[in-house]
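Novice: Numbering (the numbering used here), first residue to last: 789 to 1100.
Glycine is no exception: its CB is placed at the ideal position from the N, C-alpha and C atoms.
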């Protein structure tokens, strides 16, 4: 299949590109390299991705629409986004520009290019907001009340994809991702606690825990997420959670990393950040039913891979 990946030079997107190439799909990438890097595509280049396949443009620009028109992809996997909760709280206009204006530019261009299916990267960690204890694990029909502008833009983005696809006869799926981690995640960024903590511990610096550290997330390994995107090319529709069904606290992550690194470093606590939910983890029953997908790698195996990648 001829597939276009937006955000394909990013942390998650580059792993999706790798998985697509392993499955013998033809791949093109749009990425403005604001958070992604050309180095993330090194493995993809060894598998046949060329300079002509990487288009360095902003997804909200006319140039991005022109690229989509030339490539005429059968499927678009839309992962390009402003990815940070804290950035969205500081600058909601920038968040909306990337996560809504950019999305709409891609959708219109994809329709005009005859794209058959759009798969949108949503956020299982933020679109549902703060659940009640009895609502966990979160299912796709759980109430959605985001507490951050990032979560709000992802919720709205999913609705834009749904309505746009229904109005124009396109297939679609929205994959609500848990907290994705793995090699290539930027340890200097504002998201990705496992990469950030691992890098700090390797450098002998303290890990900053915002709040009491008992807030929980569903941490899912990036290769498993990439597999879900590839499967969604020809199966699955609507909102689909992609996580592990396991709830893990920030302090649990810190403890697992210090154990793996044989460190006795204690975390340093800072005030809680605005927009963060207290607890969340996802039911993945629908992913099993619609995508024949299940997570394969748990934290006990994934964390050592992150450490090895950072050391390398």
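Within this structure, are the beta carbons of residue 1005 and residue 913 separated by less than 8 Å?
Specialist: Yes, the Cβ-Cβ distance between residue 1005 and residue 913 is below 8 Å.
Novice: Applying the criterion that 16 or more other CB atoms from any shown protein chain within 10 Å of the CB defines a buried residue, is residue 976 buried or exposed?
Specialist: By the 10 Å Cβ count, residue 976 comes out exposed.
Novice: To the nearest angstrom, how far is the alpha carbon of residue 863 from that of residue 902?
Specialist: About 9 Å.
Novice: Does any residue of chain D bring its CB to less than 8 Å from the CB of residue 969?
Specialist: In summary, chain D is missing from the structure at hand, where a single protein chain is found.
Novice: If the criterion is Cβ atoms closer than 8 Å, does the pair residue 939 and residue 867 meet it?
Specialist: No.
Novice: Can residue 1078 and residue 1023 be called in contact, C-beta distance under 8 Å?
Specialist: Closer than 8 Å, so yes.
Novice: Helix, strand or coil for residue 984? Go by DSSP, reduced to three states.
Specialist: In the structure shown, residue 984 sits in a helix (DSSP, three-state: H, G or I).
Novice: Quick one: give me the first and last residue of the beta strand (DSSP E) that residue 999 is part of.
Specialist: That residue, residue 999, is in no beta strand (DSSP E); it is neither H nor E in DSSP.
Novice: Measuring only the C-alpha atoms, how far is residue 1032 from residue 1013?
Specialist: One C-alpha to the other measures close to 10 Å.
Novice: Return the Cβ separation of residue 967 and residue 1067 in integer angstroms, given the expectation that the two are a contact with Cβ distance under 8 Å.
Specialist: Actually they do not touch by this definition, with Cβ atoms about 13 Å apart.
Novice: Mind pulling the alpha helix (DSSP H) runs of 4 or more residues that sit fully within the region 890-915?
Specialist: Within the region 890-915, the complete alpha helix (DSSP H) runs of at least 4 residues are 890-900.
Novice: Skipping 5 residues on each side, what residues in its chain have a beta carbon closer than 7 Å to that of residue 841?
Specialist: The answer, listed in chain order, is 815, 816 and 817.
Novice: Where do the ends of the beta strand (DSSP E) carrying residue 969 lie?
Specialist: That run of the beta strand (DSSP E) goes 967-969.
Novice: Run the CB neighbour count on residue 837, radius 10 Å, all protein chains shown included, and call it buried at 16 or more, exposed below.
Specialist: With 16 or more other Cβ atoms within 10 Å, it is buried.
Novice: What residue ranges within the region 809-840 form continuous beta strand (DSSP E) runs of no fewer than 3 residues, ordered along the chain?
Specialist: Fully enclosed beta strand (DSSP E) runs of 3 or longer: 814-818.
Novice: In the DSSP output, which residue or residues are listed as bridge partners for residue 960?
Specialist: Beta-bridge pairing links residue 960 to 906.
Novice: Could you tell me the alpha carbon to alpha carbon distance between residue 929 and residue 1083, rounded to whole angstroms?
Specialist: Cα to Cα, the separation comes out at about 21 Å.
Novice: Looking only at its own chain, which residues have a Cβ that is under 6 Å from the Cβ of residue 1035, when we skip the five neighbours before and after it?
Specialist: Once the five neighbours on either side are set aside, the close Cβ partners of residue 1035 are 1004 and 1069.
Novice: Grouping DSSP H, G and I as helix and E and B as strand, with all else coil, what is residue 755?
Specialist: Beyond the ends of the chain as shown, which are 789 and 1100, falls residue 755; an answer cannot be given.
Novice: With a cut-off of 8 Å on the beta carbons, I'd call residue 905 and residue 960 a contact; round off their distance for me.
Specialist: Between residue 960 and residue 905 the Cβ distance is about 6 Å, and since that is below 8 Å, they are a contact.
Novice: Give me whichever residues DSSP pairs with residue 933 in a beta bridge.
Specialist: Per DSSP, 917.
Novice: Using CA atoms only, rank isn't needed, just tell me which of 821, 892, 889 and 900 is closest to residue 860.
Specialist: If we check each option's Cα against that of residue 860, 900 comes out closest.
Novice: Mind checking residue 957: buried by the 16 CB within 10 Å criterion, or exposed?
Specialist: Exposed is the call here.
Novice: Tell me whether the beta-carbon of residue 1028 lies closer than 8 Å to the beta-carbon of residue 964.
Specialist: Against a cut-off of 8 Å, the Cβ pair of residue 964 and residue 1028 comes out as a contact.
Novice: Looking at the structure shown, is residue 1005 part of a helix, part of a strand, or coil, going by DSSP?
Specialist: Residue 1005 falls in the strand class under three-state DSSP.
Novice: Can you give the Cα-Cα distance for residue 1051 and residue 880, rounded to whole angstroms?
Specialist: Using only the alpha carbons, I get a separation of about 38 Å.
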